[in-house]
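If you read the protein sequences in the order shown, they are chains L and G. Residue numbers for the first sequence follow the numbering used here, beginning at 833 and rising by one. Residue numbers for the second sequence follow the numbering used here, beginning at 411 and rising by one. Backbone N, C-alpha and C fix where the C-beta goes; we use that ideal spot for every residue, glycine too. All figures in this text were calculated on a predicted structure; none of them were measured in a lab. Right, one structure below, let's go through it.
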Amino acid sequence: MMKKYILILAMMAASPATASCYADYKAKQNSPLRLHYGVIELPDTACSKSAAALQTAQRIAVDGWELLHIQSIFQADGLGEREKNAGQYFLRY
Amino acid sequence: MPDNISSATEPRLNGSKVVAIGIAAIVLILLGAAVLLFLNLPDANAFNARVEQIFVENNDLTNGTDIKLLEILAQSGTSFSDTLASYRMVIFVLLVFASALLVAALVFLVTIIALNKRMGEIERTGIQVSSLLISREENTVYLNNMEFKLTEAAIETLSVLAEARMDEDLLSGCEIEGMISGRPASDCDEAAGATRIKRLRDSLGNQMVSELLVKNIARRGYMLAIDKDVIRMI
Numbered sequence: 833m834m835k836k837y838i839l840i841l842a843m844m845a846a847s848p849a850t851a852s853c854y855a856d857y858k859a860k861q862n863s864p865l866r867l868h869y870g871v872i873e874l875p876d877t878a879c880s881k882s883a884a885a886l887q888t889a890q891r892i893a894v895d896g897w898e899l900l901h902i903q904s905i906f907q908a909d910g911l912g913e914r915e916k917n918a919g920q921y922f923l924r925y
Numbered sequence: 411m412p413d414n415i416s417s418a419t420e421p422r423l424n425g426s427k428v429v430a431i432g433i434a435a436i437v438l439i440l441l442g443a444a445v446l447l448f449l450n451l452p453d454a455n456a457f458n459a460r461v462e463q464i465f466v467e468n469n470d471l472t473n474g475t476d477i478k479l480l481e482i483l484a485q486s487g488t489s490f491s492d493t494l495a496s497y498r499m500v501i502f503v504l505l506v507f508a509s510a511l512l513v514a515a516l517v518f519l520v521t522i523i524a525l526n527k528r529m530g531e532i533e534r535t536g537i538q539v540s541s542l543l544i545s546r547e548e549n550t551v552y553l554n555n556m557e558f559k560l561t562e563a564a565i566e567t568l569s570v571l572a573e574a575r576m577d578e579d580l581l582s583g584c585e586i587e588g589m590i591s592g593r594p595a596s597d598c599d600e601a602a603g604a605t606r607i608k609r610l611r612d613s614l615g616n617q618m619v620s621e622l623l624v625k626n627i628a629r630r631g632y633m634l635a636i637d638k639d640v641i642r643m644i
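Following this line, the structure appears as C-alpha cells:
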C-alpha cells in the first residue's frame, strides 16, 4: 500500500520529465532593466505558441519576470544547443 | 443714452486692459512652452523600451554576454535621462526668468507710452519755469537758462517778488513800492507799485516772447520760432 503511494508520488514528481515539448523565451524586469533568455519545459497541452506564452508568463512571474516573447517551441533534441546560452535560466522555471 | 458718450477716461481703461491681456498672453505662451517641454523630453523608459525592442527583434541575441551588454546600454541611457531631467529644470528656470522679463518689458513699455502722453500735455500747457536766477550786478535774470536783460528798477521789483515768494508772502502794490523806495508802505501809492509790475511784465514778457516765439535773426529779419507742422489756420 505504502509502496504504491510512493510510486504515484514519484510519478507525479517526475511528470515534467515526460514533457513533450520545450520553449525558449525572452523576459525582462523593470527598473533597472534586466533581461534574460531562458528555456522552459512545457506539458503537451501547452505546445502551441499562445498556450506556451500563457503558461511561461505565469511561471516566471514568481520572480517578477515579465515575458517578452516565446522565440520557438522545440523537442528534446534542441536542448543541447540552447543550454549554454540560457545559462542559469536553463529549465529553471 | 450713455453708450454714445465717449469720455477721456476710456483710453486709460483700455491701457490697463491691454496690460492685463498682454501679461496674460505672455504667461499663457510661456506656460504652454513649459508644458510642451515637459511632455516632449524623453523619460527614462524611452531608452529601456528601445533596448527591449532590440532584444526582442533579434533572435540571435541569446548569448549571456550580449544580454549583459544590452542591460548596460539601458542603464547608461537611464543615467543620461537623469541628466536630461536636470537640463529640463534649468530650462524651466530660464523660462520663468524670460516670462518675468517679458512682463517687466511690457509694463515699462506701457509706462513709457503714458509718460509720453504726459510730456505732450506738459508741453501744451506752455512755459514751465524750472530755474530762476537773478544777477543784480549784471541786471540779468536767467529763466530756464534763457538770459533776459532788465532795467535796474525791473530787477529790483523782480528781486522783491522773489524774496516774498521764498517767504510764501503776497505783496500789495504799496508794499512793493515801499520796499524798493525804502519808505514805509503806508506812505506809498498803490499805483506806483502797479506801475513797477507793469514795467517788469512789459520788459520781461517782450523779451520772453522774442526768445520763445518771435525771433529776430540779426541782419536777416524775423521768424516764428516754432515747428511749421504745428501751425493750423481756422
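Cα-Cα separation between residue i and residue j, rounded to whole angstroms
{"i": "residue 412 (chain G)", "j": "residue 427 (chain G)", "result": "For residue 412 (chain G), the pLDDT reaches just 49, beneath the cut-off of 50, and the residue's location in the model is therefore unreliable, although a value from the coordinates is still provided. Between residue 412 (chain G) and residue 427 (chain G), the C-alpha separation is close to 21 angstroms."}
{"i": "residue 564 (chain G)", "j": "residue 543 (chain G)", "result": "14 angstroms"}
{"i": "residue 637 (chain G)", "j": "residue 626 (chain G)", "result": "16 angstroms"}
{"i": "residue 863 (chain L)", "j": "residue 919 (chain L)", "result": "23 angstroms"}
{"i": "residue 876 (chain L)", "j": "residue 908 (chain L)", "result": "12 angstroms"}
{"i": "residue 872 (chain L)", "j": "residue 903 (chain L)", "result": "11 angstroms"}
{"i": "residue 519 (chain G)", "j": "residue 510 (chain G)", "result": "14 angstroms"}
{"i": "residue 852 (chain L)", "j": "residue 905 (chain L)", "result": "10 angstroms"}
{"i": "residue 923 (chain L)", "j": "residue 495 (chain G)", "result": "41 angstroms"}
{"i": "residue 925 (chain L)", "j": "residue 892 (chain L)", "result": "6 angstroms"}
{"i": "residue 522 (chain G)", "j": "residue 515 (chain G)", "result": "10 angstroms"}
{"i": "residue 632 (chain G)", "j": "residue 643 (chain G)", "result": "20 angstroms"}
{"i": "residue 611 (chain G)", "j": "residue 538 (chain G)", "result": "17 angstroms"}
{"i": "residue 525 (chain G)", "j": "residue 436 (chain G)", "result": "23 angstroms"}
{"i": "residue 567 (chain G)", "j": "residue 549 (chain G)", "result": "12 angstroms"}
{"i": "residue 868 (chain L)", "j": "residue 921 (chain L)", "result": "8 angstroms"}
{"i": "residue 478 (chain G)", "j": "residue 885 (chain L)", "result": "24 angstroms"}
{"i": "residue 562 (chain G)", "j": "residue 429 (chain G)", "result": "57 angstroms"}
{"i": "residue 400 (chain G)", "j": "residue 866 (chain L)", "result": "Residue 400 (chain G) falls outside the range modelled here, since chain G spans only 411 to 644, and no answer is possible."}
{"i": "residue 887 (chain L)", "j": "residue 854 (chain L)", "result": "12 angstroms"}
{"i": "residue 498 (chain G)", "j": "residue 554 (chain G)", "result": "58 angstroms"}
{"i": "residue 468 (chain G)", "j": "residue 446 (chain G)", "result": "34 angstroms"}
{"i": "residue 894 (chain L)", "j": "residue 881 (chain L)", "result": "21 angstroms"}
{"i": "residue 619 (chain G)", "j": "residue 613 (chain G)", "result": "10 angstroms"}
{"i": "residue 595 (chain G)", "j": "residue 628 (chain G)", "result": "45 angstroms"}
Within chain G, the residues that residue i reaches when beta carbons sit closer than 9 angstroms
{"i": "residue 891 (chain L)", "result": "In chain order: nothing, as chain G lies at least about 19 angstroms away."}
Per-residue burial, residue i [other beta carbons within 10 Å of its own, 16 or more giving buried]
{"i": "residue 848 (chain L)", "result": "For residue 848 (chain L), the predicted structure reports a pLDDT of 47, less than 50, and the residue's modelled location is therefore unreliable. The matter cannot be settled from this model."}
{"i": "residue 589 (chain G)", "result": "buried"}
{"i": "residue 890 (chain L)", "result": "exposed"}
{"i": "residue 450 (chain G)", "result": "exposed"}
{"i": "residue 546 (chain G)", "result": "exposed"}
{"i": "residue 624 (chain G)", "result": "exposed"}
{"i": "residue 586 (chain G)", "result": "buried"}
{"i": "residue 606 (chain G)", "result": "buried"}
{"i": "residue 560 (chain G)", "result": "buried"}
{"i": "residue 641 (chain G)", "result": "exposed"}
{"i": "residue 577 (chain G)", "result": "exposed"}
{"i": "residue 462 (chain G)", "result": "buried"}
{"i": "residue 417 (chain G)", "result": "Below a pLDDT of 50, predicted positions are generally treated as unreliable, and residue 417 (chain G), at 49, falls in that range; the measurement from the model is reported next regardless. The residue in question, residue 417 (chain G), is exposed, as its Cβ has fewer than 16 Cβ neighbours within 10 Å."}
{"i": "residue 530 (chain G)", "result": "exposed"}
{"i": "residue 870 (chain L)", "result": "buried"}
{"i": "residue 457 (chain G)", "result": "buried"}
{"i": "residue 487 (chain G)", "result": "buried"}
{"i": "residue 570 (chain G)", "result": "buried"}
{"i": "residue 593 (chain G)", "result": "exposed"}
{"i": "residue 465 (chain G)", "result": "buried"}
{"i": "residue 551 (chain G)", "result": "buried"}
{"i": "residue 556 (chain G)", "result": "exposed"}
{"i": "residue 558 (chain G)", "result": "buried"}
{"i": "residue 597 (chain G)", "result": "exposed"}
In DSSP terms, what residue i is bridged to
{"i": "residue 631 (chain G)", "result": "G:627"}
{"i": "residue 871 (chain L)", "result": "L:856 and L:922"}
{"i": "residue 556 (chain G)", "result": "G:553"}
{"i": "residue 904 (chain L)", "result": "L:856"}
{"i": "residue 861 (chain L)", "result": "L:866"}
{"i": "residue 545 (chain G)", "result": "G:550"}
{"i": "residue 898 (chain L)", "result": "L:860"}
Amino acids of chain L, ordered along the chain, whose beta-carbon sits closer than 9 angstroms to that of residue i
{"i": "residue 488 (chain G)", "result": "863, 864 and 865"}
{"i": "residue 479 (chain G)", "result": "The premise fails here: residue 479 (chain G) is roughly 10 angstroms from chain L at the closest Cβ pair, so nothing lies under 9 angstroms."}
{"i": "residue 380 (chain G)", "result": "The shown model of chain G, from 411 to 644, leaves out residue 380 (chain G), and the question about it has no answer."}
Partners in chain L for residue i, counting only beta-carbon separations shorter than 7 angstroms
{"i": "residue 473 (chain G)", "result": "917"}
{"i": "residue 484 (chain G)", "result": "865"}
{"i": "residue 469 (chain G)", "result": "903"}
Residue i: contacting residues in chain G (beta-carbon distance under 8 angstroms)
{"i": "residue 860 (chain L)", "result": "462 and 465"}
{"i": "residue 936 (chain L)", "result": "Absent from the structure is residue 936 (chain L), since the part of chain L shown begins at 833 and ends at 925."}
Beta-carbon neighbours of residue i, restricted to chain G and to distances below 7 angstroms
{"i": "residue 857 (chain L)", "result": "By Cβ distance, chain G contributes nothing, its closest Cβ being about 10 angstroms from residue 857 (chain L), past 7 angstroms."}
{"i": "residue 869 (chain L)", "result": "472 and 477"}
C-beta neighbour in chain A for residue i, strict 9 angstroms
{"i": "residue 445 (chain G)", "result": "Given the protein chain composition of this structure (L and G), no chain A is represented."}
Taking contact to mean 3 or more Cβ pairs, one atom from each stretch, closer than 8 angstroms, check whether the stretch 468-481 of chain G and the stretch 907-920 of chain L are in contact. Yes, they touch.
Given 8 angstroms, three or more beta-carbon pairs between the stretch 892-903 of chain L and the stretch 851-860 of chain L: The stretch 892-903 of chain L vs the stretch 851-860 of chain L: in contact.
Check whether the stretch 493-506 of chain G and the stretch 440-449 of chain G touch, using three or more Cβ-Cβ pairs below 8 angstroms as the test. Counting C-beta pairs with one atom in each stretch, the stretch 493-506 of chain G and the stretch 440-449 of chain G have three or more that are closer than 8 angstroms, which means they touch.
Between the stretch 566-585 of chain G and the stretch 599-619 of chain G, do three or more beta carbon pairs fall short of 8 angstroms? Yes: at least three Cβ pairs fall under 8 angstroms.
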